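Mapping to our numbering: the sequence shown position 201 is 475, numbers consecutive.
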Amino acid sequence: MLPGLRLRQARERLGYTYRDVERISYELASRRSRPEFILHISRLADIENHSVVPGLHKLYALAVVYHLDPLDIFRWYDVPLEDCFVDGTSFPPMQTHLAAPPASLKVPVRFDPAFDPERTEFLSRMVERWGKLDGALTNGNRRHSYGYVGLNDRRMSPLLRPGSVVLVDTSARSIQDSDWSTEFDRPMYFVDVRDGYRCGWFHCEGAQLVMQPHPLSRCVPESWRWPEDAEVVGRIIGVVTRLDEPWNSQNAESREVRGDSSKKAP
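Right, dumping it as structure tokens:
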């Protein structure tokens with residue numbers, strides 16, 4: 275069904291005329307101090323009857339007036355906002371950065387009766403039914419953000435591979451570099467260094483914040499004045515990574531040329 279027809283049906287179910295919708299949109303525009311929310315009668319007719327695609331403000335106004343979920347209207351126009359995170363992972367950038375979280379994740383809803391959580395299993399074969407978890411991982415928790423380790427960033431490789439997605443606890447913003455016994459226990463942090471981001475091990479030396487790359491990366495340590503030139507975004511509390519690195523061969527040269535992390539320790 276065409277999206278314009280769906281919008282027309284939504285309007286008619288509420289008993290609204292074009293003039294009613296225009297009047298309500300004027301009130302919304304006045305409340306929000308944005309004339310872009312106004313839905314003129316001529317534009318409504320074009321949206322419903324001539325496949326005109328509404329702009330962002332008009333789409334929001336339609337969702338408000340018709341009491342619809344804006345995501346549903348986006349889907350009617352074949353814009354799958356819920357897949358934005360997944361599609362984005364298909365185009366991995368070179369630089370480490372903060373990223374918007376996924377809207378949802380697939381999670382197992384029902385396991386095979388033979389599933390034993392104490393044994394290593396091939397999970398895909400043990401799940402009878404998958405479901406969708408909204409507010410994936412962060413679960414609506416404003417303390418959590420996502421970071422992305424750029425393809426050009428090999429500072430923590432092989433412990434933290436390029437292309438990894440990390441979950442950042444933004445409430446943990448003080449560097450704690452004690453009470454760990456192995457590299458797997460040592461806390462990692464996501465840090466804003468003004469001209470980019472760093473993700474990995476950090477410690478303080480007086481007024482300097484020092485990043486210690488993984489020894490096997492052969493990258494050199496870096497330091498910044500703290501807090502003038504570096505800000506701790508949060509502590510890494512989760513990671514999703516790939517082991518095959520399909521981009522490894524095709525981007526090897528660009529990593530050597532473009533990235534600071536290509537600087538090797540002597």
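The beta carbon of each residue, even a glycine, is placed where N, CA and C say it ideally should be.
These numbers come from a predicted model, not from an experiment.
- The beta carbon of C478 sits closer than 8 Å to those of I449, D451, V484, W500, all from its chain and outside the five residues before and after it, given in chain order.
- Counting C-beta pairs closer than 8 Å gives three or more between the segment 508-515 and the segment 455-471, which meets the contact rule.
- Distances from the CA of R308 to each of W454, K332, E505, Y290 were compared; the closest alpha carbon is that of K332.
- In terms of Cβ geometry, R435 and R516 form a close pair [threshold 8 Å].
- Non-local beta-carbon contacts of V440 in its own chain, meaning distances under 6 Å to residues more than five positions away in sequence, involve G421, I510, V513 in chain order.
- The DSSP assignment places 330-340, 344-350 as complete runs of the alpha helix (DSSP H) inside the segment 326-358, in order along the chain (cut-off: 4 residues).
- Taking every protein chain shown into account, the CB of S316 has fewer than 16 other CB atoms within 10 angstroms, so this residue is exposed.
- DSSP places R293 in the uninterrupted alpha helix (DSSP H) bounded by 292-306.
- When beta bridges are read from the DSSP output, M485 appears opposite F476, E496.
- The C-beta distance from G437 to Q369 rounds to 12 Å, too long to fall under 8 Å, and the pair is not in contact.
- The beta-bridge partner set that DSSP reports for R509 consists of D443, Y463.
- Within the model, the alpha-carbon separation for V327 versus H341 is close to 19 Å.
- Contact annotation: the segment 347-355 touches the segment 276-286, with at least three C-beta pairs closer than 8 Å.
- Partner residues in a beta bridge of G437, as assigned by DSSP, do not exist.
- Residue pairing of G278 in beta bridges, as defined by DSSP: absent, with no partner found.
- The straight-line gap separating the alpha-carbon atoms of T456 and L433 is approximately 12 Å.
- For G289 and Q283, the gap between their C-alpha atoms comes out near 10 Å.
- For S419, the number of other beta carbons within 10 angstroms of its own is at least 16, and it is reported as buried.
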